[in-house]
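In what follows, a structure is listed as structure tokens, so that the remarks can point back to it.
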Amino acid sequence: MSSGIHLEFIPVSDDDDVQPNIFQENIPQIVTELIEDLAHWLPSQGPLKEFIHHNTLHAYQDRPFHAAVRVARRMTGGRGTLKLKEYQELFRQGEITERGLKWAIAAVTPGSLDSMSLMQTLLMAQEKQSVGNPLLENGIRAKGWASVGIRPEDSIHPALFKIFSQYYDQGIATWAFPDTGIGLFASVASLVEQSWVPIRPFHTSAARRLLQLSPEAAMHEVLREWVGDPRFYKRYLLETALGHPGWSGMIRQLELQPGRIVSARPSRLADALALELIAEYSLFSEILKQSVPNGPKLLPDPSLDVTIPAEVPSNHPINQATETERLLEIWQEAFERSYLDRLVRTLSLSGGGSKSQTPKTPLYQTVFCIDDRECSLRRHLEFIQPLGETFATAGFFGVDCLFQGANDAILYKHCPDPVRPRHIVREVVRSKKPGSDSSVSHFLKFFHFSQHSHSLIRGWILTQALGLVAAFKMATEIFLGPGESAATLGSLGRILPTSELILDGNDGYQLDEMADRVQALLKNMGFFRPSGQDPRGGLTVLFGHGSTSANNPYFAAYDCGACSGKPGSPNSRAFAKMANDSRVRSILESRGVRFPDATWFVGALHDTTRDEVRYFDTDLIPNPLREVFETLKDDMEKALMANAKERCLKFAQVSQDLSPKEALKEVRHRSTSLFEARPEMNHATNAACVVGRRDLTRGLFLDRRAFMNSYDPQVDPEGTILTGILSAVVPVCGGISLEYFFSRTDSEVYGAGTKLPHNISGLIGVLNGTTGDLLTGLPTQMTEIHPPLRLAIFVEQKEDIALLAAKRNAAVFEWIQNAWVRYLSIDPETGKIFEFRGDRMEKLT
Amino acid sequence: MNELFSAFSLSLLLPLLGAATIQLLNRTTEGTINRLTITTILLMAGFVILSLVTVQPEIAFQLFSWRDYHFEMRLELDGVAKIFWALTLLLGGIVIRFSLIYLHREAGYARFFSTLFFFLSGVMVVSSAGNLDTFMIGWEILGIASFLLIGFYRNRVHPVRNAAMVYSIYRLCDLGLLAGAYLEHTELRGMGFRELLGPEGIQGLAALPNGHLFFISALLIFAALGKSAQLPFSSWLPRAMEGPTPSSAIFYGALSIHAGALLLLRSEPIWSASAHATWMIGILGAFSALIASGISRTVSNIKSQIAYGSITQVGIIFVEIALGLKTLALIHILSNAVLRCYQLLASPSIVAHRLKIQGTQKPIATLSYPLPLGAWGRVRRTAYAFFLSDAYLQDLGRVIFVTLPQTLAGRATQHPWRIYVAGIAIFSVTYMGWDWRMGLAAGLAIALSLDGLWDATQGSVRSGTAACAKVFDKTSISSLIFSLSVACLDPAGAATGVLEVLPFSAGIVFWWALARAALAGIAQDPWGEPTWARFPKRSFLVFMSALGLGGFPISTVFFGEDLLLHEVIVVRPSLAIAFTGIFILNGIALIQTYSRFFFNPPRETA
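Just so you know, the protein sequences line up as chains A and B, in that order.
Here the first sequence stands for residues 333 to 1177, where the numbers follow this note's numbering.
Here the second sequence stands for residues 563 to 1168, where the numbers follow this note's numbering.
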């Protein structure tokens, strides 16, 4: 779009002193626009505090999947497929079927006459290992550095990263960066000016002078002096930013969403890039001083091709698929088709949901999150209690709030990322006995985390006095297993059992807003009896979910994605409170929603790591339902044990012969173990999503691979409810699916690599060792068993309504049209399955 | 002879045995390695505990002997050794228990435990060594094990580069220990630590001129400063945190960093006889503590913060040792070791912990302080900037290790013959009046060695087998020439002189031939898989050759070098320093070459 701005430039004359006026006036604008443009191609991962799964290649989402993978590869060097030999191995193992492979050949190269020889090539071809980021290696910046004879990773990055990390630090260093309030660039400039000792690489007079300018002006001056030709500016800035995608991306994220860190830090990508350009220039002018009298010049070859792959169409020569890439695309399609075939066959077993398996008068209802990890728990619960009925919906239960716990100083967002919450839910403690430690006992318990141990005198006293106690603590934690320690972050304690939620504060929900939310949720998940307008009655328990892990910087990625990486207990508890409120019920009644007399909702939390549950406000359950509640609790305990057993089968270091009870003990031990790099497998192996009635999937073994969202097609003839569901399900589940996908296909570029050498920087990010860039994506321990498959979304609806429902939301339809997810419909009456292909739904054969 | 089969000696042998077995079986399943590791550590625990609670005879035998030269292996389990052994067992056990699960499915699972056991044996040898020679063996093991574990992720750029860097600093500081040990040999007849404390030692020390005493002490202190990351070497410690977290915890948090303090404890009789040396330890320790605690305030990644916290305490330990507070220092070593080990093991939790605090309290006070303006504000900002710049230690290191050699060698190597002319000229002039052959040889040896080091730091080593072989040639030839020159100066006549250099020269030739044989037939593929993965056996052989050529105690080169120095020192002490220098330079060049050539991180841009 704005690549056109280059045309406005008048070619720079050889004489540096004569600058076209247009240049001077538009400096800030031009540089700002360049940066706005290139910021698009940076990773969009936020700080560790919350983990919001997103499509790693989000920036390329406006292109079809395979084209986007190719373009992204040319931009980042990351690969978006498995390796050829991995696919060939999958074929040998039967994970990729011959039928799937043939289908993929026909689909990718339609009308190919010679599919046999193509098949031969696919099976025999070898892939040359390609390495590095071509954009950077063949770029103009690399040439500049080579001419100086050093590398930015050695000379500039460590110093810059240290400044960035120190500036954004949220509580590791004991001395904060001075004057963070005035922004990154200004605070560095002020520190350089105020300090009597030099700060490398800002020690030269050139750097000091440039730091007096505005970031944009400084950048522009460096670009003019060093790069010279305006045609190369953008490419040069892009290469600079992509030289450390982790930090560039983080700074950009904090610029867009400053609220994602607790201690505020004004953040601008332009500041960071300006500092880097000044540092570079300072270093160059120091090194090249002798050889170039008027300051260093890069003098890029004017004929150099500086096309940015992401800014040209997918069919541009530089973005065309290579032979190997074409083979890889076929393999990926074949891999997905092979899985889809199996899944379709499995789903057909239920007869397309035509036979109802649900009990006519359910004993109780339970509601879970759509999360793939709840898929098996629902199955076990239904098996143990055939009279129970289970539902699933996004785990924030429609309560789009900011939450402040009794011990919290700040507000936490508890709803999906795209939602902007406007209501606040607060927790207050009823009895005056908060569970928090006194500061002395807290210190004694967690002294090993104390910053004082690093200082001189206090460190000496602390080390001498408590050092040997650490031996005892460490030995017990390692050999005997820790209890709840400082290292553990558990969801079960997120809200206190003795507390109360305040929903209707000044900034909370009005009664009719509560009614809206209750009504919407019940309607969305098909909670009304098919026969009439009335919702189900009796006891309904809503299980939010969270996790518990120790020594794990990725803890937030284990919690509920629909709550922005937090435990869902405040939401489930808040929903129950809304739905039980007699005032809300009478509003609902006036709207025609009449609950049966004995109807009660209970909020609860399922800890997916520990397979443990907590129920809230159980003392309020009316007497007639108490007995049912006790039954449910018993059933749940059994289901949790069975679920733990099923999960243990996937842990290689755990015996396959554990009894369910032992399995439960094992998973609980894992959750607090300091050295367990895999407290749970999380979303690994996720591959499908089913939006429909439970009848479609009840009794099927989906191997914890499917997200599920309850939906009743009969009450939604227009597909409007489906549109609503899809606008949450597609980005959330699709984001999870693709983040696992790309972290698995390239664990170094798109993923964070193995987590064993990870180090924490400023509480916001993770790096390897002590000098590198911030890492993005997921560590291999989370993704190693994940087969990279795009999510197959099944909706139970007539194909034309399903398509209509998807098209109604353009953002959702982009995912489907560009094949970032697969979209299939199951006819609620005939059970026929259609798949979205090209531009319409095609019947699957 | 039965002393060789005591619980004591078995405790020392077991980790070595375990390391070797695991390395040999590294292709088997994770389960096998797991069981082997557990067996080894349990057996080791049994023998160590037995050694700790019973009285163990000392182990002493002549490893090598030549006329009046003796290389004596001596190990004894005194109080200090027992404390270190208990610590090693405790932390070793904890870290192994931790890592057996933590490293699940990691490539290099076997390699990790093999290296860890190797390291543990090094710590045990160092702490129970009865004389400086034996101490040096353990010390070298620590260096090699560090190199291997920092470079654990050998396909990545930073770990490999930092491993080579840390090893180079270690090796440079070995200069102090090597030369110190040789001098101790000649001046104090190689007395063990116990004799030094006894009447014989007191006599011997008293007889030494003050200057000599200070010189030996300064060399030993130099070695201790490097190994314990004190000033001016501190900046290597955070850079060493590249391996899996548990390895960083036991190496750099806990055990390795206290090796320097141990050296000081052991050599106390020597340096405490010199007031200057004692002051030197105290002042450098205090400075290190001050500076490191300042730096720790301005680092915002948790592992660096713990590293500088640990350096601070080790600095204080140096002060305590200088003050003669041995018991306090020992307790301090123990408590610092376990605390830092624990902090590092739990370091990934820091987010959870601090966020809990941050979320439940007001923002941490120090994070929101506004610095005042004016003069005081400038002082505060200056302090901040000073520590933010690592107190310029890294810049100092860069000047010493990069800029200086590059300017020196680089200028000369643009015209390679110049370095030779210069080297030969300097030494010929120096020794002209005395023995021209000697000067020629020494000059040539030094020139070759420098040339080899220069080659080793060039990118061509990464991609060319020939370039790599050339470094092996140059370093080997430089060692050989030097040993020949020693043969020439032997006053007793050429024939015996040749015999004396034989162990050394034969060793050099052996390792050189092995390296060349292993290198032959390796075709480099600069953008493909790293060479070690394609040629694991050859890679291992070349590594052993590099160690052997560098004087690592696995062959006759180690004693031969000692013996040579013994001769040189008798005749011409100043040459001894030149020889040690060459040796160190060669060692650095070889390990740099090895890591560049074999680890060859595929993503590194050439």
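Idealized CB from N, CA, C, for every residue including glycine.
Original post:
Since A/D1027 is in the beta strand (DSSP E), which residue starts that stretch and which ends it?
Top reply: Element bounds for A/D1027: n/a, residue is neither H nor E.
**OP:** Check the Cβ-Cβ distances between A/W579 and every residue of chain B, and say whether any is below 9 Å.
**Re:** no
Original post:
From A/G767 to A/L828, what distance separates their C-alpha atoms?
Top reply: Model confidence at A/G767 stands at a pLDDT of 48, short of 50, so the residue's coordinates are unreliable; what they give is reported in the following sentence. Going by the C-alpha atoms only, they are around 8 Å apart.
Subject >> Identity of the residue in B/F675, B/I873, B/P721 nearest B/L799 by Cα >> reply: B/I873
Subject >> Cβ shell of B/S1101 (< 6 Å), same chain only, five flanking positions each side left out >> reply: W1094, F1160
Original post:
Which word fits B/T591, buried or exposed, when buried means at least 16 other C-beta atoms lie within 10 angstroms of its C-beta?
Top reply: Using a 10 angstroms sphere on the CB of B/T591, the tally of other CB atoms stays under 16, which defines it as exposed.
Original post:
What residue does the beta strand (DSSP E) around A/C701 start on, and which one ends it?
Top reply: Judged by DSSP secondary structure, A/C701 falls within the beta strand (DSSP E) whose first and last residues are 696-701.
**OP:** Indicate the three-state DSSP secondary structure (helix, strand or coil) for A/K745 in the structure shown.
**Re:** strand
Original post:
Are three or more beta carbon pairs between the stretch 416-423 of chain A and the stretch 1086-1094 of chain A nearer than 8 Å?
Top reply: no
Original post:
Quick one: is A/D703 buried, meaning 16 or more other Cβ sit within 10 Å of its Cβ, or exposed?
Top reply: Burial call: buried.
Original post:
Who are A/Q736's beta bridge partners in DSSP?
Top reply: A/R758
**OP:** Run down chain B in chain order and give the residues with a C-beta less than 7 Å from the C-beta of A/D501.
**Re:** S862
Original post:
So, helix, strand or coil for A/H552, using DSSP?
Top reply: helix
Original post:
Between B/A569 and the rest of its own chain, which residues show a CB-CB distance below 6 Å, the 5 nearest in sequence each way excluded?
Top reply: F609, L612, S613
Subject >> Listed by chain order, chain B residues near A/R532 by CB distance under 7 Å >> reply: S951, D957
Subject >> chain A contact for B/L896 (CB, 9 Å cutoff) >> reply: Chain A, which has a Cβ nearer than 9 Å to the Cβ of B/L896, makes this yes.
Original post:
If you measure from the beta carbon of B/V719 to each beta carbon in chain A, is any gap under 9 Å?
Top reply: yes
Original post:
Taking the alpha carbon of B/Q905 as the point to measure from, which residue in A/K805, A/L679, A/R592 has its own alpha carbon closest?
Top reply: Comparing Cα positions, the closest option is A/K805.
Subject >> Per-residue burial, B/A769 [other beta carbons within 10 Å of its own, 16 or more giving buried] >> reply: exposed
Original post:
Apart from the five residues on each side of it in sequence, which residues of its chain come closer than 7 Å, Cβ to Cβ, to A/H398?
Top reply: E661
Original post:
Which residues in the same chain have their Cβ closer than 8 Å to the Cβ of B/A1170, if we skip the five residues on either side of it in sequence?
Top reply: The requested residue 1170 of chain B does not occur in the structure, where chain B is confined to residues 563 to 1168.
Original post:
For A/I531 versus B/L950, is the C-beta spacing smaller than 9 Å?
Top reply: yes
Original post:
Under 9 Å between the Cβ atoms of A/I1057 and A/V1022?
Top reply: no
Subject >> Backbone secondary structure at A/T1086 - three-state DSSP >> reply: The answer is coil: DSSP assigns A/T1086 none of H, G, I, E or B.
**OP:** Using three-state DSSP, classify A/A882 as helix, strand or coil.
**Re:** strand
Original post:
So is B/L917 in contact with chain A if we call contact Cβ pairs under 9 Å?
Top reply: yes
Original post:
Exposed or buried, which one is A/I650 when buried takes at least 16 other CB atoms within 10 Å?
Top reply: Classification of A/I650: exposed, given that the 10 Å Cβ count is below 16.
Subject >> Interfacial residues, the stretch 656-683 of chain B to chain A, with Cβ spacing under 9 Å >> reply: Listed in sequence order: I656, V657, R659, F660, S661, L662, I663, Y664, L665, H666, R667, E668, A669.
Original post:
When burial is assigned at 16 or more other CB atoms within 10 Å of the CB, is B/I703 buried or exposed?
Top reply: The residue is buried, with at least 16 neighbouring Cβ atoms inside 10 Å.
**OP:** Please confirm if B/R716 has its CB atom under 9 Å from at least one CB of chain C.
**Re:** The structure shown has no chain C; the protein chains it does contain are A and B.
Original post:
What residues in its chain sit with their C-beta under 8 Å from that of A/D844, if we drop five residues either side in the sequence?
Top reply: In its chain, beyond the 5 residues on either side, I919 have a beta carbon closer than 8 Å to the beta carbon of A/D844.
**OP:** Compare the C-alpha of B/F623 against each of B/G1112, B/G692, B/K888 and name the closest.
**Re:** B/G692
**OP:** Note down, in chain order, every chain B residue with its Cβ under 7 Å from the Cβ of A/H1090.
**Re:** P910
Subject >> Per DSSP, the bridge partner or partners of A/W932 >> reply: According to DSSP, A/W932 bridges with A/L871.
Original post:
Who does A/L1099 pair with in a DSSP beta bridge?
Top reply: A/N1091, A/L1106
Original post:
List, in order along the chain, the chain A residues whose C-beta lies closer than 8 Å to that of B/A622?
Top reply: By Cβ distance, chain A contributes nothing, its closest Cβ being about 33 Å from B/A622, past 8 Å.
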